[in-house]
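**Q** I have a structure I would like to understand better, so I am pasting it below and will then ask my questions one at a time.
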Amino acid sequence: MKTMYQIIKIKLAFIILLTVAVSCSKEKGENAVEANQGGIKLALTEAQFGGDNISVAKASAKANTSEPLTITQEVQSGPFTITAELTENTPSNTGLKASTGKKAATSLLSLRGAVTYRVVAYETDGTYIDQAVGDASNASQVFFGNTLIAGNKYTFVIYSLGSTTTPPPAAPTTNLYTAGTVNFDFTGFQENGSDLMYAIEKDVTILGNNTPTPLTAPLQHMFTRVTVLVDNSDATGTFGTANYLKGGYLSEVPVQAEWLSPFADATVDLSTGDVVSTVNETNVPPIANLNATARTFIVNQNRSNTFSIGLSIPSGQVKIGYDVNAQAVNFNFSNAGLGLKPGYSYTMKLRFNSDRYVNALNVTRSATAADARYAVIGGHRWDRYNLGVADVNPATNNPDVNPSVQALYGNYYQWGRQLPVANAYSGDGAIAGWNTTPAPDGSWNNGTAAAPVKAALDPCGLGDRVPSQAEYTRLGTYTRHTTFGNWIPNTGTSTGLSDFTAAHIMTSRKSSDIKLSFPAAGHRETTDGSQRLRQATAIYWLNTEVGGNDRALQGRGFESGAWDTQNYFKRAGYPVRCIQDK
């Protein structure tokens, strides 16, 4: 019996030891499996545009220089000179290859906020494992934590369309190297949603021990980005020299531009990032309300080195003052015949400018042409001469001669009267029979301040009229102001100098070869018509009365370059500068 008890006791001890051993072995095995598992974590950045492409060779020798490419095209459309300037935004040797363990050749950019992306995991032979969608604004995301084995090597493909709302399409669950293609069907061509970015990380060893393996390859831009805007900056440089650049205006009506170049949906090989086939889109949305706000588009959907970008502005889309583009304007850029390069970024600036000299029929003329009577600035046609100047031929009586001359000073008018009361040759003394009764309101304008209509007593010639305050202010805003000649202090009583050399000059901000000279004629006194302030002020009547008293508005220019509008007594005599009434 004792022997049997000992045998049972030994068996029970053995069973307990066996149970403990099995339990320890199971726990050790579970810990080993956990230690052998590990996911990946992405620190996503994007390479700058303008770098080495993954499989497309550089297009020209310019790729080895630091000078960005600039191509300018200029087209005439009716009164307009419309210029398109295409500039490469970054030097073409600042590229970045998307690969593991390579030092960046340029700075990296953080992705634009919550950009969605897709990451796909493969065995090193290309066998598909899994895929997931990520958000670039969440740097703590870990992918494939229960799938990847520590110590093993894998290949990862990451791609994005730059969208913050819609993930890129799913990858096929096939082998990366035999059937790993994705079709991208674009519904628009804005940067958010069409900017294909791509990276591939090969032979990545998983760390394990619950430590996510970091992936740091930057996403490479695969297509071409073009930013389009209207450039309304002023002219720069010196006219007639190589550094001169004409400025531009914003259109006063919405501009809708149309793409002429093909856009395409693309099928991309995920193992290389290459576009293997394309289908051209038939309905590419136009660029509505094109203005000074930059609009960014992805245009090179087929990654071809022969790709060119074309843009059309239909007739009637550009309006500045009374000027409207009469014909459609087409631009086509092909990077000097070498194509716009995929992975590069360009800016296209459009400049609208109709400043020029014209004759009475609005036909463009040179500054010294015999019939170049008017200067167009901001779409309004201003007479280059004061009303009453006898010789209005720029070839024989230059309206912008420096210093000014007596033959450019013209007549003096009391506001609201049609006939002149003096001229530059009347002398500086009092004028017999000076009319001290102010003209009635409305004598020079049958319309409103905003929409003037020439009245019967307006002294300007056929098709011309006295300008409004708004028109003078517009002219002043669109011009730079300088002076020349002998000026005297504005004391309020001086009769002026004996010469006629002073003038206030308004030069177009957008075209520095177009200008208007306003002689500093001063005025004829309200009580007797005697000369006051010649060579001290360049003040001209406007067509609007103040209302309720005997004053009317004036446009004023001074030696300091300052200008403004003010009012004075209607019975004073001032010069008039006419504007074409159309």
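Numbering (the working numbering), first residue to last: 1445 to 2026.
Using N, Cα and C, we set each Cβ at its ideal position, and we do this for glycine too.
1) Tell me whether residue 1857 is buried or exposed, calling it buried when 16 or more other Cβ atoms sit within 10 Å of its Cβ.
2) Below 8 Å, how does it come out for the region 1845-1865 and the region 1820-1837: are there three or more Cβ pairs, yes or no?
3) Would residue 1563 and residue 1515 be called neighbours here (beta carbons separated by less than 8 Å)?
4) Pull up the distance between the alpha-carbon of residue 1597 and that of residue 1794, whole angstroms please.
5) Can you tell me the Cβ-Cβ gap for residue 1527 and residue 1690, rounded? I've got them flagged as a contact below 8 Å.
6) Use the C-beta contact count for residue 1960: other C-beta atoms within 10 angstroms, 16 or more gives buried, fewer gives exposed.
7) Residue 1788: buried (16+ other C-beta within 10 angstroms of its C-beta) or exposed?
8) Strictly by DSSP, which residues pair up with residue 1485?
9) Does the beta-carbon distance from residue 1973 to residue 2017 come in below 8 Å?
10) Does residue 1578 come out as helix, strand or coil in the three-state DSSP assignment?
11) Which residue comes first and which comes last in the alpha helix (DSSP H) that contains residue 1638?
12) Let me make sure I understand the geometry here. Which of 1620, 1633 and 1637 has the alpha-carbon closest to that of residue 1613?
13) Taking C-alpha atoms, which residue in 1826, 1592, 1775 and 1560 lies nearest to residue 1574?
14) Closest to residue 1492 by C-alpha separation, out of 1663, 1581, 1561 and 1630, would be which residue?
15) What are the start and end residues of the beta strand (DSSP E) that includes residue 2001?
16) Look at the alpha carbon of residue 1821 and the alpha carbon of residue 1799, and state the distance between them as a whole number of angstroms.
17) If I follow the unbroken beta strand (DSSP E) through residue 1989, where does it start and stop?
18) Assuming residue 1772 and residue 1756 form a contact by the criterion Cβ under 8 Å, report the distance between their Cβ atoms to the nearest whole angstrom.
19) Which residues share a DSSP beta bridge with residue 1600?
20) Got a sec, what are the start and stop residues for the beta strand (DSSP E) residue 1754 sits in?
21) Of all the options 1607, 1942 and 1898, which has the alpha carbon lying nearest to the alpha carbon of residue 1634?
22) Could you tell me which residues DSSP puts in a beta bridge with residue 1859?
23) Which residues share a DSSP beta bridge with residue 1827?
24) Who are the Cβ neighbours of residue 1710 in its own chain at under 7 Å, not counting the five residues just before and after it?
25) Would you grab the beta carbon distance between residue 1557 and residue 1581 for me? Rounded to a whole angstrom, and I think it's under 8 Å.
26) Where does residue 1947 fall in DSSP's three states?
27) Pick out the complete beta strand (DSSP E) segments inside the region 1669-1755, 3 residues or longer, and give them in chain order.
28) Which class does residue 1920 belong to by DSSP, given the choice of helix, strand or coil?
29) Any idea which residues DSSP pairs residue 1877 with across the strands?
30) In angstroms with no decimal places, state the Cα-to-Cα distance between residue 1956 and residue 1742.
31) In whole angstroms, what separates the C-alpha of residue 1894 from that of residue 1884?
32) Nearest to residue 1693 by alpha carbon, out of 1740, 1632, 1767 and 1681?
33) Under DSSP, the beta strand (DSSP E) around residue 2012 begins and ends at which residues?
34) Tell me residue 1836's beta-bridge partners as DSSP assigns them.
35) My output table needs one value for residue 2021: the three-state DSSP class, helix, strand or coil.
36) At the level of alpha carbons, what is the spacing between residue 1812 and residue 1489?
**A** Reading it off the structure:
1) buried
2) yes
3) no
4) 51 Å
5) 7 Å
6) buried
7) buried
8) 1658
9) yes
10) strand
11) 1635-1638
12) 1637
13) 1592
14) 1663
15) 1995-2001
16) 5 Å
17) 1982-1989
18) 6 Å
19) 1565 and 1645
20) 1753-1757
21) 1607
22) Paired residues: none, contrary to the question.
23) 1818
24) 1628, 1719, 1722, 1745 and 1746
25) 6 Å
26) strand
27) 1669-1674, 1708-1713, 1719-1724 and 1739-1742
28) helix
29) The partner list for residue 1877 (beta bridge, DSSP) is empty, contrary to what the question assumes.
30) 36 Å
31) 20 Å
32) 1767
33) 2007-2013
34) Per DSSP, none; premise fails for residue 1836.
35) coil
36) 59 Å
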